[in-house]
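**Student:**
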Amino acid sequence: MKNRTITALLIIFTTYCGISQDFQGNATYESKTQVNMDFGNRQMPEDRKKEIMERMKKANERTYELAFNATESIYEEVEKLDQPGNDRGGRGGRFGAMGGAGGDLYKNIKDEKYLVKNDLFGKIFLIEDNLEKLDWKLESDTKQIGNYTAFKATAVKTVKRPNMRAIFRRRGENNKEEEENKEEEFTEKEVSIVAWYTPEIPINQGPSGYWGLPGLILAVSDDVTTIVCSKITMNPKDKIEIKAPSKGKKVTQAEYDEISREKMKEMRENFQNRRGGPGGRGGGRL
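Every letter in the sequence shown is one number past the one before it in full-length UniProt numbering, and letter 160, counting from 1, is 160.
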């Protein structure tokens, strides 16, 4: 196992050093996320729950394209005709556990930076931050993905997950007990990441925020999401233009996350007030 890994790394290193700056390609990825929703104590007809689950499932089956060269990449969602209202989002600006970006995700491996341009309720933000480095463990397992031989790698990653019980909880009277016992709407947990990369395409790029392996990542999965490459075009006839986003208010990821949380909290409170909920003026529905 160790000898095979070292040999593969030597091959990659030798090849990678000779890559031309004109080296480029496109990779198409299919992303699927499992939906496990807990509606808590909220009373809801079963057909309504089923409808919500089906819509969530469909929304979490997406197609992305990764355009890459020797040092840069752009990861963007492919718009579907049956989803005209697709907002390309759902992650609050973070390419999160694995899912899609709120905007096109630009990665610069040389500088170890990423950029995402996001529209948050009509205001444009440019999120710029350092790429997360995972402590990849290279394994000896291999498998065929399309025309490429892929090697296995594993890592552990801390992710934020939405707490559906808290998000969908029915709010009662605005009392001290509820405030003390309310659950966080997002929770952190450690998850195992399994990736499959191919030394035959010697760049350390990959889908979503993943990178850092000696070869293009063709497949990657965590506890809820699986992303698999379905098509690769190397050195296409028409040159690929990879441009980093440049417009918007510059913020770090942490700053954007806080702005997003505050905005969502404000919207939720306004919605409750309009419905005559806790703190509302109406005290009841008209």
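Every residue gets a Cβ at the ideal spot worked out from N, C-alpha and C, and that includes glycine.
(1) Please check if any C-beta of chain C sits within less than 8 Å of the C-beta of CYS229.
(2) My understanding is that GLY209 touches TYR197, with C-beta atoms under 8 Å, so please give their C-beta distance in whole angstroms.
(3) How would you call ASN130, buried or exposed, if buried means at least 16 neighbouring beta carbons within 10 angstroms?
(4) Residues in its own chain within less than 6 Å of THR154 by CB, not counting five upstream and five downstream?
(5) Tell me whether ILE124 is buried or exposed, calling it buried when 16 or more other Cβ atoms sit within 10 Å of its Cβ.
(6) Looking at C-alpha atoms only, which residue of ILE74, ASN69, SER31 is the closest neighbour of MET234?
(7) For PRO207, does the count of other Cβ atoms within 10 angstroms reach 16, so buried, or fall short, so exposed?
(8) Which one of ASP141, PRO199, LEU120, THR226 has the shortest CA to CA distance from TYR148?
(9) Could you tell me the distance, in whole angstroms, from the CA atom of GLU31 to the CA atom of GLY103?
(10) From LYS231 to LEU218, what does the alpha carbon distance come to, in whole angstroms?
(11) Take SER73 as the anchor and find which of GLU46, ASP111, THR63 has the nearest alpha-carbon.
(12) For SER221, collect the residues of the same chain with a Cβ closer than 6 Å to its Cβ; drop the 5 residues on either side in sequence, then sort them by chain order.
(13) Assign ARG274 to one of two classes, buried (16 or more other C-beta atoms within 10 Å of its C-beta) or exposed (fewer than that).
(14) I'd like the ranges of any alpha helix (DSSP H) spanning at least 4 consecutive residues and lying wholly in the region 132–168.
(15) How big is the Cα-Cα spacing for GLU76 and ILE203?
(16) Using beta-carbon positions only, say whether VAL191 and ASP141 come within less than 8 Å of one another.
(17) Given LYS143, which residues of its chain have a CB within under 6 Å of its CB, disregarding the five upstream and five downstream residues?
(18) For the beta strand (DSSP E) holding GLU77, just list the boundary residues, first then last.
(19) For GLY105, report the span of its beta strand (DSSP E) as first-last.
(20) Return the CA-CA distance between ALA27 and CYS229, expressed in angstroms with no decimal places.
(21) Measure the beta-carbon distance from TYR64 to TYR106 and round it to whole angstroms, keeping in mind my assumption that it falls under 8 Å.
(22) With 16 as the cutoff for other CB atoms within 10 Å, does LYS58 come out buried or exposed?
(23) For MET267, does the count of other Cβ atoms within 10 angstroms reach 16, so buried, or fall short, so exposed?
(24) Starting from GLY25, trace the beta strand (DSSP E) in both directions and tell me its first and last residue.
(25) For ASP47, does the three-state DSSP call read helix, strand or coil?
(26) What residue range does the beta strand (DSSP E) around ILE203 cover?
**Tutor:** Walking through what the data contain:
(1) Of the protein chains in the structure, only one exists, and it is not chain C.
(2) Sequence index remark: in the sequence shown, residue 209 carries index 209 (1-based). Sequence index remark: in the sequence shown, residue 197 carries index 197 (1-based). Actually they do not touch by this definition, with Cβ atoms about 15 Å apart.
(3) Taking the first residue of the sequence shown as 1, we reach residue 130 at position 130. Exposed, since its Cβ has fewer than 16 Cβ neighbours within 10 Å.
(4) Along the sequence shown, read from residue 1 onward, the residue named residue 154 stands at position 154. Within the same chain, THR154 has close Cβ partners LYS137, VAL194.
(5) On the sequence shown, position 124 is the one that residue 124 refers to. It counts as exposed.
(6) The residue labelled residue 234 in the question sits at position 234 within the sequence shown. Ranking ILE74, ASN69, SER31 by Cα distance to MET234 puts ASN69 first.
(7) Working through the sequence shown from its first residue, we reach residue 207 at position 207. Counting Cβ neighbours within 10 Å, PRO207 comes out buried, since at least 16 surround it.
(8) Locating residue 148 in the sequence shown gives position 148, counting from the first residue. Ranking ASP141, PRO199, LEU120, THR226 by Cα distance to TYR148 puts PRO199 first.
(9) If you number the sequence shown from 1, residue 31 lands on position 31. If you number the sequence shown from 1, residue 103 lands on position 103. The question names Glu, but residue 31 is Ser in the sequence shown. C-alpha separation (whole angstroms): 16 Å.
(10) Mapped onto the sequence shown, residue 231 falls at position 231. Mapped onto the sequence shown, residue 218 falls at position 218. Going by the C-alpha atoms only, they are around 10 Å apart.
(11) If you number the sequence shown from 1, residue 73 lands on position 73. When only C-alpha atoms are compared, the closest one is ASP111.
(12) Counting from 1 along the sequence shown, the entry for residue 221 is found at position 221. Cβ neighbours of SER221 beyond the five flanking positions: VAL194.
(13) Here residue 274 is taken as the residue at index 274 of the sequence shown, counted from 1. By the neighbour-count rule (16 or more Cβ atoms within 10 Å), ARG274 is not buried but exposed.
(14) 164–167
(15) The residue you call residue 76 lines up with position 76 of the sequence shown. The residue you call residue 203 lines up with position 203 of the sequence shown. Approximately 19 Å between the Cα atoms of the pair.
(16) Position 191 of the sequence shown holds residue 191. Position 141 of the sequence shown holds residue 141. Their beta carbons are not under 8 Å apart, which means VAL191 does not touch ASP141 by this criterion.
(17) The residue you call residue 143 lines up with position 143 of the sequence shown. Excluding its 5 nearest sequence neighbours in each direction, LYS143 has C-beta neighbours in its own chain below 6 Å: ALA150, listed in chain order.
(18) As a working mapping, residue 77 is identified with position 77 in the sequence shown. Looking at the DSSP string, the run of the beta strand (DSSP E) that includes GLU77 is 72–77.
(19) On the sequence shown, residue 105 is found 105 positions in, with the first residue counted as 1. Residue 105 is actually Leu in this sequence, not Gly. Segment 105–108, the beta strand (DSSP E) holding LEU105.
(20) The residue given as residue 27 occupies position 27 in the sequence shown. The residue given as residue 229 occupies position 229 in the sequence shown. ALA27 and CYS229: Cα-Cα distance of roughly 7 Å.
(21) Here residue 64 refers to the residue found at position 64 of the sequence shown. Here residue 106 refers to the residue found at position 106 of the sequence shown. Their Cβ separation, rounded to whole angstroms, is 14 Å, which puts TYR64 and TYR106 out of contact at 8 Å.
(22) As a position in the sequence shown, residue 58 is number 58, starting the count at 1. It counts as exposed.
(23) If you number the sequence shown from 1, residue 267 lands on position 267. Counting Cβ neighbours within 10 Å, MET267 comes out exposed, since fewer than 16 surround it.
(24) Position 25 of the sequence shown, counting from 1, holds the residue named residue 25. Element bounds for GLY25: 24–33.
(25) Numbered from 1 along the sequence shown, position 47 holds the residue referred to as residue 47. Of the three classes helix, strand and coil, the one that applies to ASP47 here is helix, per DSSP.
(26) Here the question's residue 203 lines up with position 203 in the sequence shown. Run containing ILE203: none; DSSP gives neither H nor E here.
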